[in-house]
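Numbering (the numbering used here), first residue to last: -14 to 382. Don't be surprised by glycine CBs; every beta carbon is placed ideally from N, CA and C. This one's a predicted model, so the numbers in the text were calculated from it and none came from an experiment. Report on the following structure.
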(Lines of atoms letter the chains of each structure in order from A and count residues from 1; the text may use other names and numbers.)
(Lines give C-alpha, C1' and ligand atoms only; values in the text may rest on other atoms or scores of the structure.)
Protein backbone atom coordinates (compact mmCIF):
# COMPACT_ATOMS: atom_id res chain seq x y z
CA UNK A 1 0.00 0.00 0.00
CA UNK A 2 2.87 2.37 0.81
CA UNK A 3 4.47 1.85 -2.60
CA UNK A 4 1.11 2.47 -4.28
CA UNK A 5 0.61 5.72 -2.36
CA UNK A 6 4.14 6.88 -3.13
CA UNK A 7 3.62 6.16 -6.83
CA UNK A 8 0.46 8.28 -6.86
CA UNK A 9 2.14 11.08 -4.92
CA UNK A 10 4.95 11.02 -7.47
CA UNK A 11 2.50 11.16 -10.36
CA UNK A 12 0.48 14.03 -8.88
CA UNK A 13 3.62 15.89 -7.82
CA UNK A 14 5.15 15.67 -11.28
CA UNK A 15 1.93 16.77 -12.95
CA UNK A 16 1.57 19.77 -10.66
CA UNK A 17 5.26 20.64 -10.99
CA UNK A 18 4.99 20.54 -14.77
CA UNK A 19 1.89 22.77 -14.79
CA UNK A 20 3.44 25.30 -12.40
CA UNK A 21 6.72 25.27 -14.32
CA UNK A 22 4.98 25.91 -17.63
CA UNK A 23 3.17 28.88 -16.08
CA UNK A 24 6.41 30.29 -14.64
CA UNK A 25 8.54 29.75 -17.73
CA UNK A 26 5.77 31.05 -19.97
CA UNK A 27 5.45 34.28 -18.00
CA UNK A 28 9.23 34.68 -17.81
CA UNK A 29 9.78 34.09 -21.52
CA UNK A 30 6.93 36.45 -22.41
CA UNK A 31 8.27 39.37 -20.39
CA UNK A 32 11.81 38.83 -21.70
CA UNK A 33 10.34 38.87 -25.21
CA UNK A 34 8.28 41.96 -24.36
CA UNK A 35 11.28 43.90 -23.06
CA UNK A 36 13.29 42.93 -26.11
CA UNK A 37 10.63 44.20 -28.52
CA UNK A 38 9.84 47.53 -26.87
CA UNK A 39 9.86 50.44 -29.32
CA UNK A 40 9.73 54.17 -28.57
CA UNK A 41 6.08 55.17 -28.09
CA UNK A 42 4.57 56.96 -31.07
CA UNK A 43 2.63 59.51 -29.03
CA UNK A 44 5.23 61.98 -27.70
CA UNK A 45 2.75 63.83 -25.50
CA UNK A 46 1.50 60.61 -23.88
CA UNK A 47 5.08 59.48 -23.39
CA UNK A 48 5.96 62.70 -21.57
CA UNK A 49 2.77 62.77 -19.51
CA UNK A 50 2.90 59.12 -18.39
CA UNK A 51 6.66 58.61 -18.31
CA UNK A 52 6.71 55.75 -20.80
CA UNK A 53 9.89 54.03 -21.91
CA UNK A 54 8.47 51.85 -24.66
CA UNK A 55 5.50 50.00 -26.11
CA UNK A 56 4.65 46.91 -28.13
CA UNK A 57 1.71 46.27 -30.39
CA UNK A 58 0.76 42.61 -30.83
CA UNK A 59 -1.91 40.43 -32.40
CA UNK A 60 -2.91 37.17 -30.73
CA UNK A 61 -5.98 34.99 -30.65
CA UNK A 62 -7.95 37.32 -32.87
CA UNK A 63 -7.32 40.43 -30.75
CA UNK A 64 -5.05 43.48 -30.86
CA UNK A 65 -2.95 44.25 -27.78
CA UNK A 66 -0.92 47.29 -26.76
CA UNK A 67 1.60 46.78 -23.95
CA UNK A 68 3.36 49.82 -22.46
CA UNK A 69 6.33 49.97 -20.10
CA UNK A 70 6.91 52.88 -17.74
CA UNK A 71 10.40 54.26 -17.17
CA UNK A 72 9.86 53.89 -13.40
CA UNK A 73 6.17 53.78 -12.43
CA UNK A 74 2.82 55.11 -13.65
CA UNK A 75 1.52 58.45 -12.32
CA UNK A 76 -1.15 56.57 -10.36
CA UNK A 77 -1.35 52.92 -9.36
CA UNK A 78 -4.08 51.00 -11.19
CA UNK A 79 -6.46 48.52 -9.61
CA UNK A 80 -6.07 45.61 -9.86
CA UNK A 81 -2.30 45.35 -10.27
CA UNK A 82 -1.23 41.85 -11.28
CA UNK A 83 1.86 40.32 -9.67
CA UNK A 84 3.78 37.33 -11.00
CA UNK A 85 5.16 35.36 -8.08
CA UNK A 86 3.10 32.28 -7.28
CA UNK A 87 4.17 30.62 -10.52
CA UNK A 88 7.74 30.65 -9.18
CA UNK A 89 6.84 29.70 -5.63
CA UNK A 90 4.61 26.76 -6.56
CA UNK A 91 7.16 25.46 -9.06
CA UNK A 92 9.88 25.46 -6.40
CA UNK A 93 7.66 24.03 -3.66
CA UNK A 94 6.41 21.21 -5.88
CA UNK A 95 9.97 20.55 -7.02
CA UNK A 96 11.15 20.29 -3.42
CA UNK A 97 8.25 17.96 -2.68
CA UNK A 98 9.39 15.68 -5.51
CA UNK A 99 13.03 15.93 -4.45
CA UNK A 100 12.03 14.84 -0.97
CA UNK A 101 9.74 12.06 -2.16
CA UNK A 102 11.87 10.55 -4.91
CA UNK A 103 15.43 11.31 -3.86
CA UNK A 104 15.33 11.73 -0.07
CA UNK A 105 12.61 9.28 0.94
CA UNK A 106 13.99 6.82 -1.61
CA UNK A 107 17.64 7.83 -1.13
CA UNK A 108 18.94 4.26 -1.02
CA UNK A 109 17.44 3.62 -4.46
CA UNK A 110 17.76 6.90 -6.36
CA UNK A 111 20.33 9.12 -4.64
CA UNK A 112 23.05 7.03 -3.02
CA UNK A 113 25.53 5.05 -5.08
CA UNK A 114 28.07 3.47 -2.77
CA UNK A 115 30.43 2.82 -5.65
CA UNK A 116 30.69 6.63 -5.84
CA UNK A 117 30.54 7.61 -2.15
CA UNK A 118 29.60 5.56 0.90
CA UNK A 119 27.00 7.95 2.31
CA UNK A 120 24.25 7.33 4.80
CA UNK A 121 20.78 8.63 4.05
CA UNK A 122 21.05 11.52 6.52
CA UNK A 123 24.41 12.67 5.17
CA UNK A 124 23.23 12.43 1.57
CA UNK A 125 20.20 14.59 2.33
CA UNK A 126 22.26 17.10 4.30
CA UNK A 127 24.78 17.51 1.47
CA UNK A 128 21.93 18.06 -0.98
CA UNK A 129 20.34 20.80 1.12
CA UNK A 130 23.73 22.47 1.59
CA UNK A 131 24.20 22.62 -2.18
CA UNK A 132 20.74 24.12 -2.66
CA UNK A 133 21.14 26.81 -0.02
CA UNK A 134 24.84 27.38 -0.67
CA UNK A 135 24.31 27.87 -4.38
CA UNK A 136 21.90 30.73 -3.71
CA UNK A 137 24.07 32.38 -1.06
CA UNK A 138 27.19 32.35 -3.26
CA UNK A 139 25.30 33.57 -6.34
CA UNK A 140 23.55 36.36 -4.42
CA UNK A 141 26.81 37.57 -2.85
CA UNK A 142 28.43 37.67 -6.29
CA UNK A 143 25.53 39.69 -7.73
CA UNK A 144 25.73 42.19 -4.85
CA UNK A 145 29.51 42.50 -5.20
CA UNK A 146 31.26 44.72 -7.78
CA UNK A 147 31.19 41.69 -10.10
CA UNK A 148 27.42 42.16 -10.32
CA UNK A 149 28.01 45.25 -12.45
CA UNK A 150 30.24 43.36 -14.89
CA UNK A 151 28.00 40.75 -16.47
CA UNK A 152 30.62 38.97 -18.65
CA UNK A 153 32.96 38.51 -15.67
CA UNK A 154 30.06 37.42 -13.45
CA UNK A 155 29.01 34.88 -16.09
CA UNK A 156 32.55 33.46 -16.30
CA UNK A 157 32.81 33.13 -12.51
CA UNK A 158 29.39 31.45 -12.35
CA UNK A 159 30.42 28.99 -15.07
CA UNK A 160 33.52 27.98 -13.11
CA UNK A 161 31.55 27.63 -9.86
CA UNK A 162 28.84 25.59 -11.59
CA UNK A 163 31.52 23.29 -13.02
CA UNK A 164 32.94 22.81 -9.51
CA UNK A 165 29.45 22.06 -8.18
CA UNK A 166 28.82 19.56 -11.00
CA UNK A 167 32.11 17.81 -10.28
CA UNK A 168 31.39 17.62 -6.55
CA UNK A 169 27.83 16.36 -7.02
CA UNK A 170 28.85 13.61 -9.44
CA UNK A 171 31.43 12.44 -6.89
CA UNK A 172 28.84 12.33 -4.10
CA UNK A 173 25.70 10.89 -5.66
CA UNK A 174 24.38 8.53 -8.28
CA UNK A 175 24.35 10.04 -11.77
CA UNK A 176 20.66 10.88 -11.72
CA UNK A 177 20.91 12.21 -8.15
CA UNK A 178 23.79 14.49 -9.10
CA UNK A 179 22.07 15.88 -12.20
CA UNK A 180 18.79 16.57 -10.43
CA UNK A 181 20.56 18.34 -7.56
CA UNK A 182 22.43 20.54 -10.03
CA UNK A 183 19.10 21.51 -11.58
CA UNK A 184 17.50 21.97 -8.16
CA UNK A 185 20.37 24.28 -7.17
CA UNK A 186 19.74 26.47 -10.22
CA UNK A 187 15.98 26.29 -9.65
CA UNK A 188 16.47 27.41 -6.05
CA UNK A 189 18.51 30.39 -7.25
CA UNK A 190 15.72 31.28 -9.67
CA UNK A 191 12.95 31.07 -7.06
CA UNK A 192 15.06 32.92 -4.48
CA UNK A 193 15.64 35.70 -7.02
CA UNK A 194 11.88 36.17 -7.13
CA UNK A 195 11.35 35.87 -3.37
CA UNK A 196 14.30 37.86 -2.04
CA UNK A 197 15.09 40.39 -4.79
CA UNK A 198 12.38 40.90 -7.39
CA UNK A 199 9.33 40.91 -5.10
CA UNK A 200 10.83 43.09 -2.30
CA UNK A 201 11.97 45.62 -4.91
CA UNK A 202 8.52 45.74 -6.46
CA UNK A 203 6.89 46.14 -3.06
CA UNK A 204 9.19 49.08 -2.33
CA UNK A 205 8.24 50.70 -5.64
CA UNK A 206 4.53 50.28 -4.92
CA UNK A 207 5.00 51.57 -1.36
CA UNK A 208 6.75 54.68 -2.67
CA UNK A 209 3.86 55.43 -5.01
CA UNK A 210 1.32 54.95 -2.23
CA UNK A 211 3.29 57.34 0.00
CA UNK A 212 3.64 59.90 -2.77
CA UNK A 213 7.40 59.41 -3.25
CA UNK A 214 9.29 58.87 -6.48
CA UNK A 215 10.21 55.16 -6.62
CA UNK A 216 13.89 54.31 -6.55
CA UNK A 217 14.71 53.00 -10.05
CA UNK A 218 17.52 50.82 -8.65
CA UNK A 219 14.91 48.33 -7.42
CA UNK A 220 13.69 47.86 -10.97
CA UNK A 221 17.24 47.53 -12.29
CA UNK A 222 18.11 44.80 -9.76
CA UNK A 223 14.88 42.96 -10.47
CA UNK A 224 15.53 43.14 -14.20
CA UNK A 225 19.04 41.72 -13.78
CA UNK A 226 17.80 38.75 -11.76
CA UNK A 227 14.92 38.17 -14.17
CA UNK A 228 17.36 38.00 -17.10
CA UNK A 229 19.58 35.60 -15.16
CA UNK A 230 16.55 33.40 -14.53
CA UNK A 231 15.78 33.10 -18.22
CA UNK A 232 19.33 31.84 -18.87
CA UNK A 233 19.04 29.22 -16.12
CA UNK A 234 15.77 27.88 -17.56
CA UNK A 235 17.03 25.51 -20.27
CA UNK A 236 19.73 23.93 -18.06
CA UNK A 237 17.07 23.28 -15.39
CA UNK A 238 14.74 21.70 -17.96
CA UNK A 239 17.61 19.51 -19.18
CA UNK A 240 18.31 18.18 -15.69
CA UNK A 241 14.60 17.48 -15.18
CA UNK A 242 14.56 15.02 -18.09
CA UNK A 243 18.12 13.75 -17.71
CA UNK A 244 17.22 10.87 -15.38
CA UNK A 245 15.58 9.15 -18.36
CA UNK A 246 18.94 9.00 -20.14
CA UNK A 247 21.47 6.91 -18.24
CA UNK A 248 23.97 7.31 -21.06
CA UNK A 249 24.29 10.93 -19.94
CA UNK A 250 24.00 10.67 -16.17
CA UNK A 251 26.30 7.64 -15.97
CA UNK A 252 28.86 8.79 -18.51
CA UNK A 253 32.53 8.36 -17.49
CA UNK A 254 32.89 12.13 -17.04
CA UNK A 255 29.31 12.92 -16.18
CA UNK A 256 30.20 16.27 -14.61
CA UNK A 257 31.62 17.49 -17.93
CA UNK A 258 28.51 16.26 -19.76
CA UNK A 259 26.35 18.13 -17.24
CA UNK A 260 28.31 21.36 -17.70
CA UNK A 261 28.50 21.07 -21.50
CA UNK A 262 24.80 20.44 -22.04
CA UNK A 263 23.81 23.11 -19.51
CA UNK A 264 26.08 25.63 -21.21
CA UNK A 265 24.59 24.59 -24.54
CA UNK A 266 21.15 25.50 -23.20
CA UNK A 267 22.40 28.88 -21.98
CA UNK A 268 23.96 29.70 -25.37
CA UNK A 269 20.81 28.73 -27.25
CA UNK A 270 18.69 30.87 -24.92
CA UNK A 271 21.15 33.76 -25.39
CA UNK A 272 20.65 33.44 -29.13
CA UNK A 273 16.89 33.82 -28.82
CA UNK A 274 17.15 36.80 -26.47
CA UNK A 275 19.58 38.44 -28.92
CA UNK A 276 16.89 38.12 -31.60
CA UNK A 277 14.49 40.02 -29.34
CA UNK A 278 16.83 42.99 -28.91
CA UNK A 279 18.00 43.48 -32.47
CA UNK A 280 20.18 41.67 -34.99
CA UNK A 281 20.39 38.00 -34.06
CA UNK A 282 23.73 36.48 -33.14
CA UNK A 283 23.67 33.10 -34.88
CA UNK A 284 27.12 32.21 -33.54
CA UNK A 285 25.50 31.74 -30.12
CA UNK A 286 23.13 29.10 -31.48
CA UNK A 287 25.97 27.55 -33.49
CA UNK A 288 28.13 27.32 -30.36
CA UNK A 289 25.27 25.70 -28.43
CA UNK A 290 24.63 23.14 -31.16
CA UNK A 291 28.38 22.49 -31.46
CA UNK A 292 28.52 21.65 -27.75
CA UNK A 293 25.63 19.22 -28.22
CA UNK A 294 27.35 17.63 -31.21
CA UNK A 295 30.68 17.38 -29.38
CA UNK A 296 28.99 15.68 -26.44
CA UNK A 297 27.24 13.27 -28.79
CA UNK A 298 30.54 12.31 -30.42
CA UNK A 299 32.39 12.07 -27.10
CA UNK A 300 29.81 9.66 -25.66
CA UNK A 301 29.47 7.55 -28.79
CA UNK A 302 29.98 3.85 -27.94
CA UNK A 303 33.30 2.48 -29.10
CA UNK A 304 33.58 -0.90 -30.79
CA UNK A 305 34.31 -3.55 -28.20
CA UNK A 306 36.97 -6.21 -28.81
CA UNK A 307 35.60 -9.57 -29.96
CA UNK A 308 34.43 -11.70 -27.07
CA UNK A 309 36.31 -14.91 -26.46
CA UNK A 310 33.74 -16.34 -24.07
CA UNK A 311 30.20 -17.58 -24.44
CA UNK A 312 26.94 -17.18 -22.58
CA UNK A 313 23.79 -19.25 -22.89
CA UNK A 314 20.31 -17.82 -22.67
CA UNK A 315 19.75 -19.88 -19.54
CA UNK A 316 22.63 -18.01 -17.88
CA UNK A 317 21.27 -14.67 -19.06
CA UNK A 318 17.76 -15.44 -17.86
CA UNK A 319 19.11 -16.43 -14.45
CA UNK A 320 21.03 -13.14 -14.19
CA UNK A 321 18.05 -11.05 -15.24
CA UNK A 322 15.69 -12.91 -12.92
CA UNK A 323 17.97 -12.46 -9.91
CA UNK A 324 19.24 -8.93 -10.58
CA UNK A 325 16.51 -7.18 -12.58
CA UNK A 326 13.10 -8.84 -12.33
CA UNK A 327 12.53 -7.84 -8.72
CA UNK A 328 11.54 -4.42 -10.07
CA UNK A 329 10.91 -5.18 -13.73
CA UNK A 330 8.08 -7.68 -13.44
CA UNK A 331 4.32 -7.72 -13.82
CA UNK A 332 4.15 -7.57 -10.02
CA UNK A 333 7.42 -6.23 -8.60
CA UNK A 334 8.66 -7.84 -5.39
CA UNK A 335 11.30 -5.20 -4.61
CA UNK A 336 10.25 -2.84 -1.81
CA UNK A 337 9.10 0.58 -2.97
CA UNK A 338 7.80 -0.41 -6.41
CA UNK A 339 4.09 -0.79 -7.04
CA UNK A 340 4.58 -1.22 -10.79
CA UNK A 341 7.58 -1.87 -13.05
CA UNK A 342 9.62 1.31 -13.79
CA UNK A 343 8.85 2.66 -17.27
CA UNK A 344 6.57 -0.40 -17.64
CA UNK A 345 9.67 -2.45 -18.53
CA UNK A 346 9.01 -6.12 -17.70
CA UNK A 347 11.75 -8.75 -17.81
CA UNK A 348 9.92 -11.70 -16.31
CA UNK A 349 9.53 -13.91 -19.40
CA UNK A 350 12.02 -15.21 -21.99
CA UNK A 351 10.19 -13.38 -24.77
CA UNK A 352 10.42 -10.04 -22.97
CA UNK A 353 14.11 -10.50 -22.22
CA UNK A 354 14.89 -11.17 -25.89
CA UNK A 355 12.70 -8.29 -27.09
CA UNK A 356 14.32 -5.84 -24.68
CA UNK A 357 17.88 -7.10 -25.22
CA UNK A 358 19.11 -3.73 -26.63
CA UNK A 359 17.75 -1.86 -23.60
CA UNK A 360 19.22 -4.43 -21.20
CA UNK A 361 22.61 -4.09 -22.87
CA UNK A 362 22.52 -0.29 -22.84
CA UNK A 363 21.44 0.01 -19.21
CA UNK A 364 23.31 -2.88 -17.59
CA UNK A 365 26.46 -3.08 -19.72
CA UNK A 366 27.14 0.21 -21.54
CA UNK A 367 26.03 2.77 -18.93
CA UNK A 368 25.92 0.40 -15.94
CA UNK A 369 23.00 2.48 -14.68
CA UNK A 370 21.03 -0.64 -13.84
CA UNK A 371 20.35 -2.21 -11.47
CA UNK A 372 19.73 1.19 -9.92
CA UNK A 373 22.42 1.89 -7.36
CA UNK A 374 23.45 -1.72 -8.05
CA UNK A 375 21.21 -2.65 -5.14
CA UNK A 376 21.01 -6.25 -6.34
CA UNK A 377 24.81 -6.40 -6.66
CA UNK A 378 25.19 -7.40 -10.28
CA UNK A 379 28.83 -8.41 -10.78
CA UNK A 380 31.21 -7.43 -13.57
CA UNK A 381 31.24 -11.07 -14.66
CA UNK A 382 27.46 -11.02 -15.01
CA UNK A 383 27.60 -7.81 -17.04
CA UNK A 384 30.23 -9.43 -19.25
CA UNK A 385 27.94 -12.43 -19.78
CA UNK A 386 25.09 -10.13 -20.83
CA UNK A 387 27.46 -8.36 -23.21
CA UNK A 388 28.64 -11.63 -24.76
CA UNK A 389 25.07 -12.86 -25.23
CA UNK A 390 23.96 -9.59 -26.80
CA UNK A 391 26.89 -9.42 -29.22
CA UNK A 392 26.26 -13.02 -30.24
CA UNK A 393 22.78 -12.04 -31.43
CA UNK A 394 20.70 -12.09 -28.23
CA UNK A 395 19.02 -15.38 -29.06
CA UNK A 396 16.46 -16.93 -26.76
CA UNK A 397 17.54 -20.53 -27.15
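The beta carbon of residue 278 lies closer than 6 Å to those of 250 in the same chain, with the five residues before and after it left out. Considering only 215, 269, 160, the residue with the shortest C-alpha distance to residue 183 is 215.
Looking at 25, 160, 283, the one whose alpha-carbon comes closest to that of residue 56 is 25. Judged by their CB atoms, residue 72 and residue 12 are nearer to each other than the 8 Å cut-off. Put simply, of 164, 258, 262 the residue whose alpha carbon is nearest the alpha carbon of residue 222 is 164. Per DSSP, residue 68 has no beta-bridge partner at all. Residue 299 is a Cβ neighbour of residue 381, given a cutoff of 8 Å. With a threshold of 16 other beta carbon atoms within 10 Å, residue 177 meets it and is buried. Scanning the stretch 264 to 345 for uninterrupted beta strand (DSSP E) segments of 3 residues or longer gives nothing; none is fully contained. Apart from the 5 residues on each side of it in sequence, residue 83 sits with its Cβ closer than 8 Å to the Cβ of -5, -2, -1, 2 in its chain, given in chain order. If you check the CB distance, residue 208 and residue 186 come in under 8 Å.
In this structure residue 159 is in contact with residue 98, their Cβ atoms being roughly 4 Å apart against a cut-off of 8 Å. Beta-bridge partners assigned by DSSP to residue 39: 54.
Exclusion of the five residues before and after residue 356 leaves 309, 310, 363 as the residues of its chain whose Cβ lies within less than 7 Å of its Cβ. For residue 221, the enclosing alpha helix (DSSP H) covers residues 202 to 228. The C-beta distance from residue 5 to residue 76 rounds to 4 Å, short enough to meet the 8 Å contact threshold.
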